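S.K.: Questions regarding the structure given below will be posed in turn.
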Amino acid sequence: MVPLKITRNLKTPTVDSLPLLSWGNSIEISTVIKFSVRPGLLLLKRENYFPARNPSGMKSSMIPSPPQLAQVQITSRRSYQTSMAQRSWVGIKLSSVRMRRASAYVTLLSLLLLGYGWMDIAATGTKDGSEEWGYVEVRPKAHMFWWLYRSPNRVDDPSKPWPVILWLQGGPGASGVGIGNFEEIGPLDTNLKPRNSTWLQKADLLFVDSPVGTGYSFVEDPKLFVKTDEEAGIDLCALLIRIFNRNESLQKSPLYIVAESYGGKHAVTLALSVLKAIESGKLKLKLGGVALGDSWISPEDFVFSWAPLLKDVSRLDDNGVEKSNSVAEKIRQQLRSGQYTEATTSWSDLERLISSSSNSVDFYNFLLDSGMDPLSVEAVELAPEVSMKKYARYLSYLKTSASDAGDLDTLMNGAVKRKLRIIPAKFRWGEQSGSVFSSLQGDFMRPRIAEVDELLAKGVNVTIYNGQLDLICATKGTEAWVEKLKWEGLKTFLNMERKPLYCGKGTVTKGFKRSYKNLHFYWILGAGHFVPVDQPCVSLDMVTAITQSPASAST
1 MVPLKITRNL KTPTVDSLPL LSWGNSIEIS TVIKFSVRPG LLLLKRENYF
51 PARNPSGMKS SMIPSPPQLA QVQITSRRSY QTSMAQRSWV GIKLSSVRMR
101 RASAYVTLLS LLLLGYGWMD IAATGTKDGS EEWGYVEVRP KAHMFWWLYR
151 SPNRVDDPSK PWPVILWLQG GPGASGVGIG NFEEIGPLDT NLKPRNSTWL
201 QKADLLFVDS PVGTGYSFVE DPKLFVKTDE EAGIDLCALL IRIFNRNESL
251 QKSPLYIVAE SYGGKHAVTL ALSVLKAIES GKLKLKLGGV ALGDSWISPE
301 DFVFSWAPLL KDVSRLDDNG VEKSNSVAEK IRQQLRSGQY TEATTSWSDL
351 ERLISSSSNS VDFYNFLLDS GMDPLSVEAV ELAPEVSMKK YARYLSYLKT
401 SASDAGDLDT LMNGAVKRKL RIIPAKFRWG EQSGSVFSSL QGDFMRPRIA
451 EVDELLAKGV NVTIYNGQLD LICATKGTEA WVEKLKWEGL KTFLNMERKP
501 LYCGKGTVTK GFKRSYKNLH FYWILGAGHF VPVDQPCVSL DMVTAITQSP
551 ASAST
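Here the sequence shown is numbered in the working numbering, starting from 1 and rising by one per residue.
If you want it as structure tokens, here you go:
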């Protein structure tokens, strides 16, 4: 029996491509990197594991090996990173040993993180390749989680490129991996039952937990939470570079950034970052377009839309309208003075005022009282002086209205976490979300109309869709900020007739659409803030049109 000693003949690897693992978690990997091992001593911890460095108290043992040169194959996208070695070490499980002629081929199929430290993997997933997921270290100690689903309907036809949808959730601090996936458009619901209206029928779906600190994403230092929408866009662009640049198949697919609520602000900053990265050669990607669903693009226009809308539907009287408009005017002055954090505080005050004056109208469906909407709201302290609503409302989706509904929080910290295998063991899904919201207080009320204008001027397809019954991002407010665009085609766009929308071959009006050049607007009837949930059929038809999916239209 001859012991082995590791002697690398490649440059020292870096870890930013390896899986993020926690105590006792192992994961299969696929890409192969080869380096040599020669006879010598192999230090092992427990059974069949060796460390990247020698921690104190480590036991050693032998494994059989011939004296000849052996080749070790490691499945990782790139290699190790030395920065984490100062506080942790990596063990590699020797899963199989094969002898071939005079050499031993040791295949390393699993990686184990045996100390406190974080590692990022470019991809892992299901054996059939239908799903991939992983972490990307978008900045040192800032780790973003992503989950890609391949559509079973995907076709590889150069003349009809198959689209990829990147879904961005709102909040900020709401999880796209959890909420957008299991609550709205993913292949399974919170009971892990198939969703008939999943957008996966029409496109591949890429969910991310963004900004870092959202959902399964996390930061190792609270100073690393993003403070601006631009920073969030840059982080997302870094993630796309890591995912798309390594995957030629994805590079052939146009990417459509589809966002909901506050996610719309990050969608436009991301799109601009993507265009710059493509132009500079840093990113290999085709940008198909941006879709802004009930998006918080111009807070000023929204807060001024609330009172007249609620007066029209009898939820406010003249006294309530006067009080509401007074606070809205205060917000306008704060925004014009650049007092964005103060404006965020006033926004919270206005929500409380309207809630009191309207007997708790639901901000996500003005036909309901707060708490009646299946996506109910929970309050969370984001700062000592401001109590704000974050989108933890998503976490109780259908919980209050359907006896068989699954609890998303339990699902994400239970079955899903076990499936993914790479989430830090002690980390709870969403535990940093409140800090994400709090960190963005200074940008929360900042408008992003100029960014939409810039995208239109650059020829990017921009789609806007809004639920008729939404209050927080009311259609009145969306129409108001659209009219402020400086885009050269705006006047023609506003004068065009709208076309009615139907569900498949149905005859009941489900909405309206207006399009001119690269600007498109969908008015979705009977939907509140969460359009895919309230009107799944027409939403599926809409996304088919937006992405020009080769998949047939719904019937």
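Beta carbons: idealized from backbone N, C-alpha and C, even for Gly. Treat the numbers as computed from the prediction; the structure is a model and nothing was measured.
(1) Note down, in chain order, each residue of its chain lying with its Cβ closer than 6 Å to the Cβ of Gly24, except the 5 sequence neighbours on either side.
(2) With a cut-off of 8 Å on the beta carbons, I'd call Asn466 and Gly289 a contact; round off their distance for me.
(3) For a test of the three-state rule: what should DSSP assign to Asp128, helix, strand or coil?
(4) Would you call the CB atoms of Leu501 and Phe512 closer than 8 Å?
(5) Using the beta-carbon count (16 or more within 10 Å), is Ser357 buried or exposed?
(6) Quick check: the Cα distance between Leu519 and Lys284, rounded to an integer number of angstroms?
(7) Within its chain, find whatever has a CB closer than 8 Å to the CB of Lys160; leave out the 5 residues flanking it on each side and keep chain order.
(8) Any chance the CB of Thr410 is under 7 Å from a heavy atom of the ligand ADP?
(9) Can you name, in chain order, every residue of its own chain whose Cβ lies under 7 Å from the Cβ of Leu255, other than the five neighbours on each side?
(10) Among all the DSSP beta bridges, which residues are the ones paired with Thr478?
(11) Where do the ends of the alpha helix (DSSP H) carrying Glu342 lie?
(12) Could you check if Val226 is buried or exposed, using at least 16 other CB atoms within 10 Å of its CB as the buried criterion?
(13) Can the beta-carbon of Val268 be found closer than 8 Å to that of Ala291?
(14) Between which two residues does the alpha helix (DSSP H) carrying Gly263 extend?
(15) The alpha helix (DSSP H) that contains Lys458, what's its start and end?
(16) Are the beta-carbon atoms of Arg448 and Tyr340 separated by less than 8 Å?
(17) Counting pairs of Cβ atoms below 8 Å between the region 200–208 and the region 295–302, do you hit three or more?
(18) Rank Ile546, Arg195, Pro536 and Ser370 by C-alpha distance to the C-alpha of Ser515 and give the top, closest one.
(19) Less than 8 Å between the C-beta atoms of Val321 and Lys311, yes or no?
(20) Looking only at its chain, what residues have a beta carbon closer than 7 Å to the beta carbon of Phe244, apart from the 5 residues adjacent to it on each side?
(21) Can you confirm whether the region 176–196 touches the region 227–234 when touching is taken to mean that 3 or more C-beta pairs between the two stretches lie within less than 8 Å?
(22) In chain order, which beta strand (DSSP E) runs of at least 3 residues are fully inside the region 161–240?
(23) I'd like the list of long-range same chain contacts for Ser539, defined as Cβ closer than 6 Å, with 5 residues on each side in sequence excluded.
(24) Three-state secondary structure (DSSP) at Val155?
(25) Pull up the distance between the alpha-carbon of Val136 and that of Met144, whole angstroms please.
(26) Taking Cβ to Cβ, would you say Trp199 is nearer than 8 Å to Val543?
(27) According to the neighbour-count rule (16 or more other Cβ atoms, all chains shown, within 10 Å of its Cβ), is Ala307 buried or exposed?
(28) Look at the Cβ atom of Val436, then the Cβ atom of Thr214, and state whether they are nearer than 8 Å.
(29) On the premise that Leu471 lies in contact with Leu309, defined as a C-beta separation below 8 Å, what is that separation, rounded to the nearest angstrom?
(30) Since Leu469 contacts Gly506 with CB under 8 Å, what's their CB separation in whole angstroms?
(31) Write down the C-beta distance between Ser326 and Leu316 rounded to the nearest angstrom, noting that I regard them as a contact closer than 8 Å.
(32) Going by other Cβ atoms of all chains shown within 10 Å of its Cβ, with 16 needed for buried, is Pro158 buried or exposed?
(33) What residue range does the beta strand (DSSP E) around Gly511 cover?
(34) Within 10 Å of its beta-carbon, does Thr344 have 16 or more other beta-carbons around it, so buried, or fewer, so exposed?
(35) Please classify Gly176 as buried or exposed, where buried requires at least 16 other C-beta atoms within 10 Å of its C-beta.
(36) Using DSSP's beta-bridge definition, name the partner residues of Arg139.
M.R.: For this structure:
(1) As a working mapping, residue 24 is identified with position 24 in the sequence shown. With a pLDDT of only 32 at Gly24, under the threshold of 50, the placement of this residue in the model should not be trusted; the figure read from the coordinates follows. Answer for Gly24: no residue qualifies.
(2) Counting from 1 along the sequence shown, the entry for residue 466 is found at position 466. Counting from 1 along the sequence shown, the entry for residue 289 is found at position 289. The pair is not a contact, with the Cβ atoms about 17 Å apart (cut-off 8 Å).
(3) Position 128 of the sequence shown holds residue 128. Shown here, Asp128 sits in coil according to DSSP, grouped into three states, outside any helix or strand.
(4) Within the sequence shown, the letter at position 501 stands for residue 501. Within the sequence shown, the letter at position 512 stands for residue 512. Yes, Cβ-Cβ distance for Leu501 and Phe512 is below 8 Å.
(5) The residue given as residue 357 occupies position 357 in the sequence shown. It is buried - the Cβ of Ser357 has at least 16 other Cβ atoms within 10 Å.
(6) Translated into the one-based positions of the sequence shown, residue 519 becomes position 519. Translated into the one-based positions of the sequence shown, residue 284 becomes position 284. Using only the alpha carbons, I get a separation of about 25 Å.
(7) Counted from its first residue, the sequence shown places residue 160 at position 160. Answer for Lys160: Pro550, listed in chain order.
(8) The ligand ADP is absent from the structure shown, which contains no ligands of any kind.
(9) Within the sequence shown, numbered from 1, the residue matching residue 255 stands at position 255. Cβ neighbours of Leu255 beyond the five flanking positions: Val164, Leu166, Leu285, Lys286, Leu287 and Gly288.
(10) Numbered from its first residue, the sequence shown carries residue 478 at position 478. In DSSP, Thr478 forms no bridge with anything.
(11) Mapped onto the sequence shown, residue 342 falls at position 342. Start and end: Tyr340 to Ser357.
(12) Translated into the one-based positions of the sequence shown, residue 226 becomes position 226. Per the 10 Å Cβ criterion, buried.
(13) Working through the sequence shown from its first residue, we reach residue 268 at position 268. Working through the sequence shown from its first residue, we reach residue 291 at position 291. No, the Cβ-Cβ distance between Val268 and Ala291 is not below 8 Å.
(14) In the sequence shown, residue 263 corresponds to position 263, counting from 1. Gly263 to Ser280 is the extent of the alpha helix (DSSP H) around Gly263.
(15) The sequence position of residue 458 within the sequence shown is 458, counting from 1. Premise fails: Lys458 is in no alpha helix (DSSP H) and is neither H nor E.
(16) Numbered from its first residue, the sequence shown carries residue 448 at position 448. Numbered from its first residue, the sequence shown carries residue 340 at position 340. Contact: no.
(17) no
(18) In the sequence shown, counting from the first residue as 1, residue 515 sits at position 515. Looking at the Cα atoms, Ile546 is the closest of the given residues.
(19) Reading the sequence shown from its first residue, position 321 is the one you call residue 321. Reading the sequence shown from its first residue, position 311 is the one you call residue 311. Taking the C-beta atoms as reference points, Lys311 is found nearer than 8 Å to Val321.
(20) Taking the first residue of the sequence shown as position 1, residue 244 is located at position 244. Here the set comprises Leu250, Gln251, Leu283, Lys284 and Leu285.
(21) no
(22) 164–168 and 204–208
(23) One-based indexing of the sequence shown puts residue 539 at position 539. Contacts found: Val531 and Pro532.
(24) The residue you call residue 155 lines up with position 155 of the sequence shown. Coil.
(25) For the purposes of this step, residue 136 is taken as the residue at position 136 of the sequence shown. For the purposes of this step, residue 144 is taken as the residue at position 144 of the sequence shown. If I take the Cα positions, the gap works out to 5 Å.
(26) Residue 199 sits at position 199 when you count from the first residue of the sequence shown. Residue 543 sits at position 543 when you count from the first residue of the sequence shown. Judged by their CB atoms, Trp199 and Val543 are nearer to each other than the 8 Å cut-off.
(27) Along the sequence shown, read from residue 1 onward, the residue named residue 307 stands at position 307. Classification for Ala307: buried.
(28) In the sequence shown, counting from the first residue as 1, residue 436 sits at position 436. In the sequence shown, counting from the first residue as 1, residue 214 sits at position 214. A contact, by the Cβ cut-off of 8 Å.
(29) The sequence position of residue 309 within the sequence shown is 309, counting from 1. The sequence position of residue 471 within the sequence shown is 471, counting from 1. At roughly 7 Å, the Cβ-Cβ gap stays under 8 Å, so Leu309 and Leu471 are in contact.
(30) Taking the first residue of the sequence shown as position 1, residue 469 is located at position 469. Taking the first residue of the sequence shown as position 1, residue 506 is located at position 506. Incorrect: roughly 20 Å between the Cβ atoms, too far for contact.
(31) Looking up residue 326 in the sequence shown gives position 326. Looking up residue 316 in the sequence shown gives position 316. Contact flag wrong, Cβ pair sits at about 13 Å.
(32) Numbered from its first residue, the sequence shown carries residue 158 at position 158. Its Cβ having fewer than 16 others within 10 Å, Pro158 is exposed.
(33) As a first step, residue 511 must be located in the sequence shown, where it is residue number 511. Start and end: Gly511 to Tyr516.
(34) Here residue 344 is taken as the residue at index 344 of the sequence shown, counted from 1. With 16 or more Cβ atoms within 10 Å of its Cβ, Thr344 is classed as buried.
(35) Counted from its first residue, the sequence shown places residue 176 at position 176. Buried is the call here.
(36) Counted from its first residue, the sequence shown places residue 139 at position 139. DSSP lists Ala142 as partners of Arg139.
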